[in-house]
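In the order they appear, the protein sequences are chains H and U.
So the first sequence is numbered by the numbering used here: it starts at 480 and just counts up by one.
So the second sequence is numbered by the numbering used here: it starts at 6 and just counts up by one.
Note that beta-carbon positions come from the ideal geometry of N, C-alpha and C, so glycine has one too.
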Amino acid sequence: MTAVYGEASWFCCGAAWGPCGSAGGGACGTCASSKHQHAWPTVSSACTGITDPGACGVSLTARGCGFVHYVTNLCNSKEVSCSIADCGPNVHLFCGEKTCCGTSCGTNRLIDLTASAFSAVASLSSGLIPVKIDVVA
Amino acid sequence: MTTQVDRRRFLTSAALGGATIVGATALGSLAPEAAFGAAAPGVGPGDIDPQFAEGRVTSISGSLIVAAGSDGTLSAIQTTTGTSVWKLTPTSLSAIRPGDGLYARGVRMPDGSLAADALWVNIVSLDAHVANLASDHLDLDHHSSKIKAHVISGVSAAVYNGTPPVTDLSHVPVGGHVHVVGAWRPDTSEIDISTVYAKV
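Structure, rendered in C-alpha cells:
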C-alpha cells in the first residue's frame, strides 16, 4: 500500500466516562482508550458501506481487525503504531475537510485514533491533525 | 531521543524529590505539546500504553490525584508544578474536582504511579450531527444520543475548512456534521465547546 495522507481525529471506546459513543469494545470487541488502536473505514464490507470513502474519491485498502498502521503527525513527525479495533470515521460526512500545519496538510477524515494513540503524537486538545498513514514504520 | 530520556529522568526525579519545577525548563517546555512522542519505547500496536491513564477523579490529596479507570483499576497520578492541565482551556491543578474525567500522559514510576506531563480534564472529541444552532448552544446528535453543547464566551471557537479559529459560530451548518472538541459537564449530557470543526 502506498502511504495515504489525510486527517486524524481521536475518539473514546470501550468502557469510558462521558459521551463515549463506541462502547462495548467497538466493532472488533477489543477497543479501549488506553490501547494504541484506531478505527479504520474499511475494516469490513459493512463498515465500508457506512463510511463510504469512495464518496470522497478516496480508495482505502480493506484491512481487518488487528491490522497495524503507522501514523505520522505531519505537524511534528511523531509516529505511533496502532492496530485496527473499530469501524470509522464516517469519511463521507467530511469530504474535502482539510487540516494543515503550515504547508503540511491532510484532506479527508481517514482515521480515528484512541486517546492513548493520539496523545502519543499530539495534544488531545488539537482535535484534528494532518497525518500520513502507512503499513511500514 | 536523548533529550526525551533526559527529560523523563528529570521529571521522574522531580516527582520523587518533590522539587519545584518551572513550566519551561532548559530541556524544553513541559506543555502538552511536548508530552507526546513520550510513549515508552516498546509500546506495541494494540498494547496498553503504560505512560497513559484514564478515569474519573475519586480523590485529590495535595499533588496526588487518584482516578478510577473505566476498566475498574485505580490510577495514582502524581502532578508537579510542571504538569500542564487542560480543562476547556489551559488551566491549573486547582481546577480539577472529584468526579471529573481525565486522560493523563506522563512517566510511569517504579511504584506504579504516573508522573504526569499533561492532564486533559473532561475532554471529549466527537463527530456529531447539528440539529439546532442557538446563540448560546448547539444541539448535537451523537451516536443516537442528544448532547447540548454550550457556547462559552471568549472560549468557544469554530474552524471552518481548516482556516484559523474564529469566535463566530453562526456558520456552523445546521443539518450538517461537525467535529467538536470540548469539556464534558460531569454526569450530564452536556459539554462546553472548545472548538467546532466544520466544512462550509
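Please tell me whether residue i has its Cβ less than 7 Å away from any Cβ of chain U.
i: H/Val547; result: yes
i: H/Pro532; result: no
i: H/Ser560; result: yes
i: H/Leu603; result: yes
i: H/Thr578; result: yes
i: H/Ala571; result: Here residue 571 of chain H turns out to be His, not Ala, going by the sequence shown. Not an interface residue.
i: H/Ala594; result: yes
i: H/Lys611; result: no
i: H/Trp519; result: no
i: H/Leu589; result: no
i: H/Pro498; result: yes
i: H/Ala482; result: no
i: H/Gly606; result: yes
i: H/Ser488; result: yes
i: H/Ser598; result: yes
Below 8 Å on the Cβ atoms is my guess for residue i versus residue j; work out the distance and round it to an integer in Å.
i: H/Ile563; j: H/Gly585; result: With 8 Å as the limit, H/Ile563 and H/Gly585 do not qualify as a contact, their Cβ atoms being about 19 Å apart.
i: H/Thr582; j: H/His515; result: Actually they are not in contact, since the Cβ atoms of H/Thr582 and H/His515 sit about 28 Å apart, beyond 8 Å.
i: U/Leu124; j: U/Leu107; result: 6 Å
i: U/Ala121; j: U/Thr84; result: 5 Å
i: H/Gly493; j: U/Ser75; result: 7 Å
i: H/Ile618; j: H/His548; result: Nothing about residue 618 of chain H can be read from this structure; chain H reaches only from 480 to 616.
i: U/Thr200; j: U/Pro170; result: 6 Å
i: U/Ala109; j: U/Val185; result: Not a contact, Cβ separation roughly 22 Å.
i: U/Gly187; j: U/Ala162; result: Their Cβ separation, rounded to whole angstroms, is 11 Å, which puts U/Gly187 and U/Ala162 out of contact at 8 Å.
i: U/Thr63; j: U/Ala73; result: 5 Å
i: H/Val610; j: H/Val550; result: 5 Å
i: U/Gly67; j: U/Ser80; result: With 8 Å as the limit, U/Gly67 and U/Ser80 do not qualify as a contact, their Cβ atoms being about 16 Å apart.
i: U/Gln56; j: U/Gly111; result: 6 Å
Any C-beta of chain H sitting closer than 7 Å to the C-beta of residue i?
i: U/Arg113; result: no
i: U/Thr200; result: yes
i: U/Ile128; result: yes
i: U/Lys204; result: yes
i: U/Ala44; result: A caution first: U/Ala44 carries a pLDDT of 46, below 50, which makes its placement in the model unreliable, though a value can still be read off. So, interface residue.
i: U/Pro169; result: no
i: U/Pro206; result: In the structure displayed, chain U extends from 6 to 205; residue 206 of chain U sits before or after that span and is not available.
i: U/Thr110; result: Thr is not the amino acid found at residue 110 of chain U; the sequence shown has Arg there. It does; some Cβ of chain H falls within 7 Å.
i: U/Gly106; result: yes
i: U/Gln9; result: Legend: pLDDT at U/Gln9 = 43, less than 50; position of this residue unreliable, value from coordinates given subsequently. Answer no: the Cβ-Cβ gap between U/Gln9 and chain H never drops below 7 Å.
i: U/Leu32; result: Reliability of the predicted coordinates at U/Leu32 is poor, the pLDDT of 34 falling under 50, and the value obtained from them is presented with this limitation in mind. Not one chain H Cβ lies under 7 Å of U/Leu32.
Taking residue i as the reference, give the member of the options with the closest Cα.
i: U/Pro178; options: U/Asn137, U/Ser130 and U/Lys151; result: U/Asn137
i: H/Ala487; options: H/Val615, H/Ile529, H/Leu603 and H/Ala525; result: H/Leu603
i: U/Trp214; options: U/Gly77, U/Ile128 and U/Thr63; result: Not covered by the structure: residue 214 of chain U. The range shown for chain U is 6 to 205.
i: H/Gly536; options: H/Gly567, H/Cys510 and H/Phe573; result: H/Phe573
i: H/Ser598; options: H/Gly504, H/Asn552 and H/Asp531; result: H/Asn552
i: U/Gly51; options: H/Cys554, H/Cys580, H/Cys491 and H/Ser512; result: H/Ser512
i: H/Gly567; options: H/Gly528, H/Thr578, H/Ser595 and H/Cys580; result: H/Gly528
i: H/Val570; options: H/Thr530, H/Val550, H/Ala601 and H/Lys557; result: H/Thr530
i: H/Ala506; options: H/Ser523, H/Trp496 and H/Cys499; result: H/Ser523
i: U/Pro191; options: U/His155, U/Gly104 and U/Leu143; result: U/Gly104
i: U/Val135; options: U/Asp141, U/Val126 and U/Ile152; result: U/Ile152
i: H/Thr521; options: H/Ala596, H/Phe546 and H/Ser556; result: H/Phe546
i: U/Ile70; options: U/Arg102, U/Gly87, U/Leu93 and U/Thr94; result: U/Arg102
i: H/Gly606; options: H/Val615, H/Ile590, H/Val614 and H/Ala616; result: H/Ile590
i: U/Gly159; options: U/Ile65, U/Asp197 and U/Ser68; result: U/Asp197
i: H/Phe490; options: U/Leu174, U/Asn166, U/His148 and U/Ile82; result: U/His148
i: U/His142; options: U/Glu195, U/Gly181 and U/Leu79; result: U/Glu195
i: U/Thr168; options: U/Tyr202, U/Thr88, U/Ala100 and U/Leu79; result: U/Tyr202
i: H/Gly497; options: U/Ile65, U/Asn166 and U/Trp189; result: U/Trp189
i: U/Leu174; options: U/Ser130, U/Ala139, U/Thr94 and U/Gly49; result: U/Ala139
i: H/Lys557; options: H/Ala495, H/Cys510 and H/Ala596; result: H/Ala596
i: H/Asp565; options: H/Ser538, H/Ala601 and H/Thr509; result: H/Thr509
i: H/Cys554; options: H/Ala601, H/Ala534 and H/Glu576; result: H/Ala601
Determine the chain A residues that contact residue i at a beta-carbon separation under 8 Å, and present them in chain order.
i: H/Gly493; result: In summary, chain A is missing from the structure at hand, where the protein chains are H and U.
At least three beta-carbon pairs within less than 8 Å, the region 549–565 of chain H to the region 514–532 of chain H: Cβ pair count under 8 Å is three or more, so yes.
Residues, ordered as in the chain, of the region 171–194 of chain U that lie near chain H by beta-carbon distance below 7 Å: Of all residues in the region 171–194 of chain U, His182, His184, Val186, Trp189 and Ser194 have a Cβ within less than 7 Å of some Cβ in chain H.
Near-chain H residues of the region 122–154 of chain U (beta-carbon distance less than 8 Å), N- to C-terminal order: Correct list: Ala123, Trp125, Asn127, Ile128, Val129, Ser130, Leu131, Asp132, His147, His148, Ser150 and Ile152.
Under 7 Å (Cβ pairs) to chain H, residues found in the region 53–81 of chain U: Here the close residues are Ile53, Asp54, Phe57, Glu59, Arg61, Ser75 and Asp76.
The region 505–529 of chain H: positions lying closer than 8 Å to chain U by Cβ: Contact residues of the region 505–529 of chain H toward chain U are Thr509, Ala511, Ser512, Ser513, Lys514, His515 and Gln516 (C-beta to C-beta distance below 8 Å).
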